[in-house]
Amino acid sequence: MPLSLLVDAGLSTDLRMNAHLFVGLLLALIWTNGAQSLHRLAAMKDVKCDDSVPGRPLNLTAMSGYWYEAGRAPKVSVLKCLNVSVPATADIKLKLKLEYISTIADEINAVKETISFPWDDLTKNSIFVLNYGDASKFPISVTYKVVYSDPQLLTVLCGYSSMSPMPLVKILSRQRQLSSDNNHRNVAMLQCVRPQKRLQCSPC
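Residues in the sequence shown are numbered from 1 upward in steps of one, following the UniProt record's numbering.
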């Protein structure tokens, strides 16, 4: 489905609010990044977030460096201030370095970890499979796909899992946080979309 149509009549009110705010934040991030905004908006008009979307070749040279989570939907509060370091090359495995704040069980902890993906056809096409839990008892798998990327500005990933009734969406930005002027403009745009803050979107 197109990102602008993430809202489905059968979804709960909270999920619809999440989707509306996600679209608002995405537009705000693009709008605040200069004269090429209209070209970026045009390029994104056909972006879809369903599991039939094909993979896209992963250019590590262009994507290397730091990325900061600017938004996610649905809202999840156990992980905050995520940033991802992408290497410029990979051999047998692609290793991504993560830093974030964990708030599991109401305990605040700074976490640094490295997650690895086999450098296979899936990973080379921007498809990342994460496995959680005990594989023999209650395995949980989430598959993330890059559905849009402007290596100088932002990347949008959609995740798919049998545990979620709608795609899991993440927006990663090159900017740790926006300037004050841009923040004011972002807030105005978000309020025009939805006044309720149901999408986790505060930069750290």
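Cβ atoms here follow ideal geometry from the backbone N, Cα and C, with glycine treated the same way.
Since this is a predicted model, take the numbers as computed values, not measurements.
- Query: Quick one: what does DSSP say Thr89 is sitting in, helix, strand or coil?
  - Reply: By 1-based counting over the sequence shown, the position of residue 89 is 89. Note: Thr89 maps to coil in three-state DSSP.
- Task: State the CB to CB distance for the pair Thr114 and Lys97, rounded to an integer number of angstroms; the pair is presumed to be in contact (CB under 8 Å).
- Result: Counting from 1 along the sequence shown, the entry for residue 114 is found at position 114. Counting from 1 along the sequence shown, the entry for residue 97 is found at position 97. With 8 Å as the limit, Thr114 and Lys97 qualify as a contact, their Cβ atoms being about 5 Å apart.
- Task: Compare the C-alpha of Cys81 against each of Thr89, Arg72 and Ser64 and name the closest.
- Result: Here residue 81 refers to the residue found at position 81 of the sequence shown. Minimum Cα distance to Cys81 is reached at Arg72.
- Query: Which partner residues does Cys158 have in the DSSP bridge list?
  - Reply: For the purposes of this step, residue 158 is taken as residue 158 along the sequence shown, with counting starting at 1. According to DSSP, which records beta bridges pairwise, Cys158 is partnered with Lys145 and Val169.
- Got a sec, what are the start and stop residues for the alpha helix (DSSP H) Ala62 sits in? In the sequence shown, counting from the first residue as 1, residue 62 sits at position 62. Counting along the chain, the alpha helix (DSSP H) containing Ala62 begins and ends at Leu60 to Met63.
- Message: Using a 10 Å radius around the Cβ and a threshold of 16 neighbouring Cβ atoms, would you call Pro54 buried or exposed?
- Response: Locating residue 54 in the sequence shown gives position 54, counting from the first residue. It counts as exposed.
- Query: I think Leu60 touches Thr123, with their Cβ atoms under 8 Å apart; what is that distance to the nearest whole Å?
  - Reply: Numbered from its first residue, the sequence shown carries residue 60 at position 60. Numbered from its first residue, the sequence shown carries residue 123 at position 123. Rounded to whole angstroms, the Cβ separation of Leu60 and Thr123 is 10 Å, and the two are not in contact under 8 Å.
- Item | Proximity to residue 205 [Cα-Cα], best of Asp51, Met63 and Lys48 | It is not possible to answer for residue 205, since the shown part of the chain is limited to 1 through 204.
- Query: Name the DSSP bridge partner or partners of Phe138?
  - Reply: As a first step, residue 138 is located in the sequence shown; it is residue number 138 there, counting from the start. In DSSP, Phe138 forms no bridge with anything.
- With DSSP as the reference, label Lys124 as helix, strand or coil. Taking the first residue of the sequence shown as 1, we reach residue 124 at position 124. DSSP places Lys124 in helix when its eight states are reduced to three.
- Query: What are the residues that DSSP puts in a beta bridge with Glu99?
  - Reply: Translated into positions along the sequence shown, residue 99 becomes position 99. According to DSSP, which records beta bridges pairwise, Glu99 is partnered with Asn83 and Lys112.
- Item | Status (buried if at least 16 other CB within 10 Å, exposed otherwise) for Tyr132 | One-based indexing of the sequence shown puts residue 132 at position 132. By the 10 Å Cβ count, Tyr132 comes out exposed.
- Query: Do you know offhand how far Val111's Cα is from Leu79's?
  - Reply: To locate residue 111, count along the sequence shown from 1; it is residue 111. To locate residue 79, count along the sequence shown from 1; it is residue 79. If you take the alpha carbons of Val111 and Leu79, they lie about 10 Å apart.
- Query: Assuming Cys158 contacts Pro165 under a Cβ cut-off of 8 Å, what Cβ separation, rounded to an integer in Å, is found between them?
  - Reply: Against the sequence shown, residue 158 aligns to sequence position 158. Against the sequence shown, residue 165 aligns to sequence position 165. Between Pro165 and Cys158 the Cβ distance is about 14 Å, and since that is not below 8 Å, they are no contact.
- Query: Can you name, in chain order, every residue of its own chain whose Cβ lies under 7 Å from the Cβ of Pro118, other than the five neighbours on each side?
  - Reply: For the purposes of this step, residue 118 is identified with residue 118 of the sequence shown, where counting begins at 1. These residues qualify, in order along the chain: Lys93.
- Does DSSP put Ser180 in a helix, in a strand, or in coil? Within the sequence shown, residue 180 is the residue found at index 180, counting from 1. Note that Ser180 scores a pLDDT of 45, beneath 50, so its modelled location is shaky and nothing firm can be said.
- Message: With DSSP as the reference, identify every bridge partner of Trp119, one or two as the case may be.
- Response: Within the sequence shown, numbered from 1, the residue matching residue 119 stands at position 119. BP columns for Trp119 are empty, so no partner.
- Proximity to Tyr66 [Cα-Cα], best of Ala88, Asp106 and Met163: On the sequence shown, position 66 is the one that residue 66 refers to. Measuring from the Cα of Tyr66, the nearest candidate turns out to be Ala88.
- Under a three-way DSSP split, which group does Asp51 fall into? Counting from one through the sequence shown, the residue named residue 51 turns up at place 51. Coil, per DSSP.
- How many Å lie between Val86 and Ile108 at the Cα? For the purposes of this step, residue 86 is taken as the residue at position 86 of the sequence shown. For the purposes of this step, residue 108 is taken as the residue at position 108 of the sequence shown. Straight-line spacing of the CA atoms in Val86 and Ile108 works out to 25 Å.
- Task: Evaluate Ile104 with the Cβ neighbour count: other Cβ atoms within 10 Å of its Cβ, from every protein chain shown; 16 or more gives buried, anything less gives exposed.
- Result: Working through the sequence shown from its first residue, we reach residue 104 at position 104. Under this definition Ile104 is an exposed residue.
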